[in-house]
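Notes follow once the structure below has been shown.
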Amino acid sequence: MVQMTMIEAIASAMDNAMAADEKVIVFGEDVGFFGGVFRCTAGLQKKYGSNRCFDTPISELGIVGAAIGMAAYGLKPCIEIQFADYMYPAYDQLVSESARLRYRSAGQFTCPMVVRMPTGGGIFGGQTHSQSPEALFTHVAGLKTVVPSNPRDAKGLLIAAIEDPDPVIFLEPKRLYNGPFDGHHTRAVTPWKKHALGEVDDGYFTLPLGRAKIHKEGSAVTILAYGTMVHVAEATLVETGIEGEIIDLRTLSPLDLDTIAQSVEKTGRCVVVHEATLTCGFGAELAALVQEHCFYHLEKPVMRVTGWDTPYPHAQEWDYFPGPKRLGRALIETMEV
Amino acid sequence: MVQMTMIEAIASAMDNAMAADEKVIVFGEDVGFFGGVFRCTAGLQKKYGSNRCFDTPISELGIVGAAIGMAAYGLKPCIEIQFADYMYPAYDQLVSESARLRYRSAGQFTCPMVVRMPTGGGIFGGQTHSQSPEALFTHVAGLKTVVPSNPRDAKGLLIAAIEDPDPVIFLEPKRLYNGPFDGHHTRAVTPWKKHALGEVDDGYFTLPLGRAKIHKEGSAVTILAYGTMVHVAEATLVETGIEGEIIDLRTLSPLDLDTIAQSVEKTGRCVVVHEATLTCGFGAELAALVQEHCFYHLEKPVMRVTGWDTPYPHAQEWDYFPGPKRLGRALIETMEV
Amino acid sequence: MSDNCENKHLELHIPEPEWRPGDTPDFSNVVIPKAGSVLRPPVDVDAQDIRDLAYTIIRVLDKNGNAVGDWGGLLGDEELIAGLRHMMTLRSYDARMQLAQRQGKTSFYMQHLGEEAISCAFGKALNKGDMNFPTYRQAGLLIADDYPLVDMMCQTFSNTGDPLKGRQMPVFYSARDHGFFSISGNLATQYIQAVGWAMASAISHDTKIAAAWVGDGATAENDFHAALVFASTYRAPVVLNVVNNQWAISTFQGVALGESGTFAARGHGFGIPSLRVDGNDYLAVYAVAKWAVERARANLGPTLVEYVTYRAGGHSTSDDPAAYRPKSESEQWPLGDPVLRLKNHLITKGAWSEERHEQAEAEILEIIMTAQKQAESLGTLNGDKIPSAHNIFEDVYARMPAHLRRQRQQCGV
Amino acid sequence: MSDNCENKHLELHIPEPEWRPGDTPDFSNVVIPKAGSVLRPPVDVDAQDIRDLAYTIIRVLDKNGNAVGDWGGLLGDEELIAGLRHMMTLRSYDARMQLAQRQGKTSFYMQHLGEEAISCAFGKALNKGDMNFPTYRQAGLLIADDYPLVDMMCQTFSNTGDPLKGRQMPVFYSARDHGFFSISGNLATQYIQAVGWAMASAISHDTKIAAAWVGDGATAENDFHAALVFASTYRAPVVLNVVNNQWAISTFQGVALGESGTFAARGHGFGIPSLRVDGNDYLAVYAVAKWAVERARANLGPTLVEYVTYRAGGHSTSDDPAAYRPKSESEQWPLGDPVLRLKNHLITKGAWSEERHEQAEAEILEIIMTAQKQAESLGTLNGDKIPSAHNIFEDVYARMPAHLRRQRQQCGV
Ligand SMILES: Cc1ncc(C[n+]2csc(CCOP(=O)(O)OP(=O)(O)O)c2C)c(N)n1
Ligand SMILES: Cc1ncc(C[n+]2csc(CCOP(=O)(O)OP(=O)(O)O)c2C)c(N)n1
Ligand SMILES: [Mg+2]
Ligand SMILES: [Mg+2]
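Residue numbers (the working numbering), protein chains in the order written: chain A, 1 to 337; chain B, 338 to 674; chain C, 675 to 1087; chain D, 1088 to 1500.
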């Protein structure tokens, strides 16, 4: 066990995967010599050569499109989109191509690749460095979507994603890179290096895709969260004193509905929280599923605490970000008899 | 009043808008001399000249990107994407640019444009001529999304969309172009020319965006539908004898939540139906909203009847399409005490 | 900024084809370089030294049916006869499938009429293991590689024998073992994938190369640019093919071409050797393909090839070209018919005759009819022998996740 | 397909910069054409007759500070002094804002160091009403058009005076009345929009033209291609600018450029006249800009201009270039410093002096400090005078829909 930041854990995942399988290659904008603007690929080019880790032109379409061709050839590309906000130029390749290749060729061609991208706000990145586009992937059949909330999960899930025979979108909440940010932007964040979840096995290991984790057990209300919001939820429970259960979804698609349903059947109350805009966000799917599968257990409607239905603003970031105050209000409302 | 197909109604909308305002221009792939692969722009180039109606290179990004520049200049482009399945190359321009221009420039620049695209299945178009990507637009703040279900609405809503000061995505269910297809693919469809909703005012008129219409009143259950599914719902009610209320949403964003809530409060039951894939489809948002706003009126969970979470298949189209049989089963289940 | 404004008013230029229905096309002012007049450079030539090859047309077969110049002489009579048979087979196959569509046996069809030489000849320039990333108008690659006609038909009919299980529209074949990548309905997307595949081969120190395909119209797409950028940057072992058949549905090539001169010239801005070839000349297509393939195989990087041809038929069975171009344009088209030209060449050489040609035509029709019978015994789209609905849910992922199992159950399959 | 396989193994080519940290850069083998050596063609020249202009560098100021050749002589001393002051203002402004960011007064900043001539000189070639579609490194357009410094600072500080109401990151200005389109954080997206804007002007028989801006790295994006296609097809009155400052964050220009030779050459495949100019030479930039603007205004269509320059500072305040390039590379860069070069030219001409320069520097600093004081009185990002949260909900649509009114209420504003 070594203490790692989430950045180091992600780099370690790629390092281990590249060492284990020479078919694994890494590329993207600034990921080569420089090691990525967030340093997630630091050291890989030096260790594995520029044949297996290299810089690309600034063309997200090119990065994803080339990766699809490589995956069809038999390699296992693990590529970086510098910010999730910049995946749109590649969206056609992701949706129309990577997600459907196995299907439309009846398994003749497949697309084992991982698309890593930093997501979410909290760094004063404004509307083009803060987005959480997960719902744009979960709506697409053929893609898997993963969002880790800590270094250990990030590493185990990323190696599992690289091993996976299908395309996996791997969303990295950038506000968590250095520590478990809980929405209190004026307080210092405990660095991962001093946090239990920063203890990560140095070697090769996987955590299964498609399984949620009960981050904190409780009986009063179920909070469905992923990424940064797991820590916001934790802080909110401490502050409100509510005995809630936090489920860290980890994989959004395919979703671990059983774990969710079990929890809501126990608590009878459910709040969903995410940073993305409300309308048609992933929280809509969660609310729809929970009311469908746990209808007779629900004491209260499922509430959603999310980013507003606006672009992500720069200066007013903390009025936009769904922090402990807003989540707390929703929890209290949901706890009313 | 003239009898029109939906194609003619759409053409007539553009014709009237172009006649009324010379800032309105029309372009897209094959829309000029030929009048569009579905003939929706037939006659416009001849009447208004190729300066105002012209063919473009096959670049959806170019079409939308150029339209944004034109709208910022002060024109009102009404552009065609040949099939909604081909909007992905332009998705970045739609999401990152058209939807945010007013916001990020604090109103200095605006983007009054309409993006028309045929959507939906039922024509053996396979996975690249059948998609219903509405949720990919409704998730995006700054866009409006409209789906007409008949010629009269199509015309009035399209003119309103062209008048609108913001970007509007105008989705045309292609299976409705010639008649109110109800999902019974082996039966002939009554042509619009013989249908009450095919009676359309020849001149300039608008129908307000953001207002749903009660397509059929009823008290037993609320069916939330749009586009082709309005007619599928109608057929299903006839066949099951259920006294359901069909709400034709017409505009998905901004949504007419009041009309929906009033109906569900009356009926206590709600089924949502759409062609798009289930997970994170627009039905998820509808179910989430209905359970949130009508929780104490609901006798049963909101059910969703949708396309499966797979690409749209070619040969098995009628096993994929959510027709009257599947909707009927859901209604019956929802009606159980 | 100054506010000097005494300027004339601007006008938008809208490209228009020379002829519309009712006009009489006249190609007499189109310059067609003489067969044999373009020299064949060595494959390791510098791109900048052969810029002129993007503005000419490389041709081998002259008016009299002789093969002339540097680019000829690569194929023996047997190979040429095989090539002729491939083109004839493709044409005959197309005619039958077009008819089958009209008879309601399937939903849609797209033919190659006039463009047969391109995919048939190109296919012969590749090695086993190389990979094409085709559009919907390169079925000649399959035919020239002896892919079973019955399988092609089963795909077209979406029947129980369909290798793609009914999931894809007709003609969107996929045949991995024949170096034929799964066709996408989205134009141009496969162009950059071909570059990626070629890069993967180079990364793996393999010897395989890739070939990308796109139409004149689809060169305007994003993926075309990404492919040129990546191919140029990484010197990917790929042949970048542009089939310029003059039309993109109803839109003439001038709309995509703009002021460019030629599509081949688009390669120049990327330092990619770019050649323009007579696409209706089997020998020229083969020779240029071979040249480009050799370059790629020798690790010299990408080549862009524009095939000048003409889409003699409708865009698809959903299209009627009489609505936007003169009916006679196709006959007036100055590069002739690829089947006829190769036939005449072989006859001129004494390797073929009218009789053998007729006989071959009959044989081929027979082969196709037999295959069609076999394919139809496995069903057609309008019958009830289509692939089962459980195929909707399979192959979305390698392993079916719980929610799809649930949905499959709801579907009752 | 044959299965001939006796081929050598492929290798992927990965472009690498010549020098990395620790190396000593040596630009002595870079050919810099003599100032004045490139002839100035008439604006209605055929693109094909000036292909060489994409492979050279148009320069006016020689080593001794003289303006030489065809492209010089367009600006009087007063105009040049004004230009010098614009560049000095931009540089001084950058230095202050960079510092303010380090002091925590804002979240982020991007400077122009070494690239000041390009936007400052280009701005002077346009008319009132023309529209730039800039990236984040053309604030000289604003300064040369006398946009208030206080407004620029308020935007940078996201304070209560911010014309963009705190919504945008620093430096993403928007100033419609100054011909400055709203900057997008997504690279290259505005390139095709500029073409659309220019097309709209032509459709409206207006006289206004547009200017598009993109960096060397971002030419790889989809929008760049779409812009070239549309500009070429419709002969749009637009100037397509590429600022080649050698770096895209940590990635040297060779990764985007590949085998192309130059970025200007990318215009050739579209038949667009393409010029390459010394971006550190105020006079050359102005002359080429003027030429391209005249072409557009005369309805002669688009021009592509590549500005050869060097990003002397970090990519942004988040970047440290010492991690990926030698520290001395910037000093070794052979095209010199644009401010120094124009200063020397004016001194050589006797229109300027070291004393006047120092005095101007002091004056400019004073102006900027005064503006900064005024701007800071309206707040900085780390203070509490930021635009109210109700601005989150406004301008999403022209009229706020019900769901946003509900959300605004929940937000408590
Ligand atoms: C992304 C995308 N946009 C539009 C279409 C619709 N479409 C199908 S074929 C076609 C014309 C293609 O023309 P070209 O590239 O010249 O190929 P050709 O049909 O002539 O072989 C169009 C516009 C599509 N399939 N994909
Ligand atoms: C679509 C997109 N992809 C990636 C980025 C991240 N990014 C911001 S600036 C930059 C480098 C741009 O380099 P260049 O175009 O050369 O402009 P320069 O910064 O040198 O002026 C990158 C990769 C982005 N902003 N948008
Ligand atoms: Mg074509
Ligand atoms: Mg740069």
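We treat Cβ as the ideally placed atom computed from N, Cα and C, and that holds for glycine.
Are any of the Cβ atoms in chain A nearer than 8 Å to that of C:T907? Position 233 of the third sequence, counted from the first residue, corresponds to residue 907 of chain C. Chain A, which has a Cβ nearer than 8 Å to the Cβ of C:T907, makes this yes.
By alpha-carbon positions, which one of C:V888, C:F854, C:M805, C:E752 ends up nearest to C:L816? Stepping through the third sequence from its first residue, residue 816 of chain C is reached at position 142. The shortest Cα separation from C:L816 among C:V888, C:F854, C:M805, C:E752 belongs to C:F854.
Distance CB(B:P394)-CB(C:V929) smaller than 8 Å: Counted from its first residue, the second sequence places residue 394 of chain B at position 57. Counted from its first residue, the third sequence places residue 929 of chain C at position 255. Yes, they are a contact pair.
Since C:V1087 and B:T647 should fall inside the 8 Å C-beta cutoff, what is the C-beta to C-beta distance between them, to a whole number of angstroms? Looking up residue 1087 of chain C in the third sequence gives position 413. Looking up residue 647 of chain B in the second sequence gives position 310. Contact flag wrong, Cβ pair sits at about 12 Å.
In chain order, what residues of the same chain have a beta carbon less than 7 Å from the beta carbon of D:L1251, not counting five sequence neighbours either side? Against the fourth sequence, residue 1251 of chain D aligns to sequence position 164. The residues are Q1242, S1261.
Quick check: the Cα distance between C:N678 and D:A1297, rounded to an integer number of angstroms? For the purposes of this step, residue 678 of chain C is taken as residue 4 along the third sequence, with counting starting at 1. For the purposes of this step, residue 1297 of chain D is taken as residue 210 along the fourth sequence, with counting starting at 1. Low local confidence applies: a pLDDT of 48 at C:N678 is under 50, so the model's placement there is unreliable, with the coordinate-based value given in what follows. C-alpha separation (whole angstroms): 16 Å.
Any idea what DSSP makes of D:R1172, helix, strand or coil? The residue labelled residue 1172 of chain D in the question sits at position 85 within the fourth sequence. The answer is helix: DSSP assigns D:R1172 an H, G or I state.
With a threshold of 8 Å on Cβ separation, who are the neighbours of D:T1435 within its own chain once the five nearest residues in sequence on each side are excluded? For this step, residue 1435 of chain D is matched to residue 348 along the fourth sequence. Annotation for D:T1435: N1151, G1152, N1153 place their beta carbon closer than 8 Å to its own, counting only its chain and skipping 5 residues before and after.
Indicate the three-state DSSP secondary structure (helix, strand or coil) for B:Q340 in the structure shown. Taking the second sequence and counting its residues from 1, one reaches residue 340 of chain B at position 3. If DSSP states are grouped into helix, strand and coil, B:Q340 belongs with the strands.
Does the Cβ of D:L1427 have 16 or more other Cβ atoms within 10 Å, making it buried, or fewer, making it exposed? Locating residue 1427 of chain D in the fourth sequence gives position 340, where the first residue counts as 1. Here D:L1427 is exposed. Its C-beta has fewer than 16 other C-beta atoms within 10 Å.
Taking DSSP's pairing of strands, which residues face C:T977 in a bridge? For the purposes of this step, residue 977 of chain C is taken as residue 303 along the third sequence, with counting starting at 1. C:V913, per the DSSP bridge assignment.
On the DSSP bridge list, what partners appear for A:K47? As a first step, residue 47 of chain A is located in the first sequence; it is residue number 47 there, counting from the start. Note: A:K47 sits in no beta bridge, so no partner.
Enumerate in chain order the residues of its own chain whose CB-to-CB distance from A:T138 is below 6 Å, with the five nearest sequence positions on each side excluded. Counting from one through the first sequence, the residue named residue 138 of chain A turns up at place 138. Cβ within range, chain order: T145, L252, S253, F282.
Looking at the C-beta of D:P1324, does it have a partner C-beta in chain C at a distance below 8 Å? Looking up residue 1324 of chain D in the fourth sequence gives position 237. It does; some Cβ of chain C falls within 8 Å.
What do you get for B:E554, buried or exposed, if any count of 16 or more other CB atoms within 10 angstroms of its CB means buried? Walking along the second sequence from the start, residue 554 of chain B turns up at place 217. B:E554 comes out exposed.
Beta carbon of D:E1203, beta carbon of D:R1183: below 8 Å? On the fourth sequence, position 116 is the one that residue 1203 of chain D refers to. On the fourth sequence, position 96 is the one that residue 1183 of chain D refers to. Their beta carbons are not under 8 Å apart, which means D:E1203 does not touch D:R1183 by this criterion.
With a 10 Å radius around its C-beta and 16 neighbouring C-beta atoms as the bar for buried, classify C:A876 as buried or exposed. The count along the third sequence starts at 1 and reaches residue 876 of chain C at position 202. By the 10 Å Cβ count, C:A876 comes out buried.
Check whether the region 975-984 of chain C and the region 909-923 of chain C are in contact - that is, three or more C-beta pairs closer than 8 Å. Counting Cβ pairs under 8 Å, three or more are found: they touch.
Hey, C:Y891 and C:T925: beta-carbon distance below 8 Å or not? Along the third sequence, one-based indexing puts residue 891 of chain C at 217. Along the third sequence, one-based indexing puts residue 925 of chain C at 251. Here residue 891 of chain C is Gly; the residue named in the question, Tyr, does not match the sequence. At the C-beta level, C:G891 and C:T925 come within 8 Å of one another.
Would you mind reading off the limits of the alpha helix (DSSP H) that contains A:P208? Working through the first sequence from its first residue, we reach residue 208 of chain A at position 208. DSSP places A:P208 outside any alpha helix (DSSP H), giving it a letter other than H or E.
Look at the alpha carbon of C:V979 and the alpha carbon of C:W745, and state the distance between them as a whole number of angstroms. Indexing the third sequence from 1 puts residue 979 of chain C at position 305. Indexing the third sequence from 1 puts residue 745 of chain C at position 71. Cα to Cα, C:V979 sits roughly 15 Å from C:W745.
CB of A:Q131 to nearest heavy atom of ligand 2: below 7 Å? Counting from one through the first sequence, the residue named residue 131 of chain A turns up at place 131. For ligand 2, no non-hydrogen atom lies closer than 7 Å to the CB of A:Q131.
First and last residue of the uninterrupted beta strand (DSSP E) at B:K413: What you label residue 413 of chain B is simply residue 76 of the second sequence in a count that begins at 1. Going by DSSP, B:K413 is part of the beta strand (DSSP E) stretching over 413-417.
Run down chain A in chain order and give the residues with a C-beta less than 8 Å from the C-beta of B:P394. Taking the first residue of the second sequence as position 1, residue 394 of chain B is located at position 57. Think of a sphere of 8 Å around the beta carbon of B:P394: no beta carbon from chain A falls inside it, the nearest being about 16 Å out.
Tell me whether D:N1332 counts as near ligand 4, meaning its Cβ is closer than 7 Å to at least one heavy atom of that ligand. As a first step, residue 1332 of chain D is located in the fourth sequence; it is residue number 245 there, counting from the start. True, at least one ligand heavy atom lies under 7 Å from that Cβ.
Compile a chain-ordered list of the residues in the region 613-628 of chain B whose CB is closer than 8 Å to at least one CB of chain D. Here the close residues number zero.
Measure the CB-CB distance between A:R211 and A:R187 and report whether it falls below 8 Å. Taking the first sequence and counting its residues from 1, the one referred to as residue 211 of chain A is at position 211. Taking the first sequence and counting its residues from 1, the one referred to as residue 187 of chain A is at position 187. Contact annotation: A:R211 and A:R187 have beta-carbon atoms that are not nearer than 8 Å.
Is the CB of D:A1281 under 8 Å away from at least one CB in chain C? Along the fourth sequence, read from residue 1 onward, the residue named residue 1281 of chain D stands at position 194. Closer than 8 Å to the CB of D:A1281 there is not a single CB belonging to chain C.
Residues sharing a beta bridge with D:R1428, DSSP: Taking the fourth sequence and counting its residues from 1, one reaches residue 1428 of chain D at position 341. In the DSSP output, where bridge partners are listed per residue, D:R1428 has none listed.
How far does the alpha helix (DSSP H) with B:L561 in it reach, from first residue to last? If you number the second sequence from 1, residue 561 of chain B lands on position 224. From DSSP, B:L561 is part of no alpha helix (DSSP H) but of the beta strand (DSSP E) over 559-562.
First and last residue of the uninterrupted alpha helix (DSSP H) at A:A284: On the first sequence, position 284 is the one that residue 284 of chain A refers to. Judged by DSSP secondary structure, A:A284 falls within the alpha helix (DSSP H) whose first and last residues are 282-293.
According to DSSP, which residues form a beta bridge with A:K300? For this step, residue 300 of chain A is matched to residue 300 along the first sequence. A:K300 is not bridged to any residue.
Taking the alpha-carbon positions, what's the A:G307 to D:L1161 distance? Locating residue 307 of chain A in the first sequence gives position 307, counting from the first residue. Locating residue 1161 of chain D in the fourth sequence gives position 74, counting from the first residue. One C-alpha to the other measures close to 54 Å.
Are three or more beta carbon pairs between the region 768-785 of chain C and the region 988-995 of chain C nearer than 8 Å? Cβ pair count under 8 Å is three or more, so yes.
Nearest residue (CA-CA) to C:W887, options C:V913, C:A1025, C:H879, C:V903: For the purposes of this step, residue 887 of chain C is taken as the residue at position 213 of the third sequence. Sorting C:V913, C:A1025, C:H879, C:V903 by C-alpha distance to the C-alpha of C:W887 places C:V913 at the top.
Could you tell me which of A:P165, A:L171, A:L255 sits nearest to A:K155, measuring between CA atoms? Within the first sequence, residue 155 of chain A is the residue found at index 155, counting from 1. It is A:L171 whose Cα lies nearest to the Cα of A:K155.
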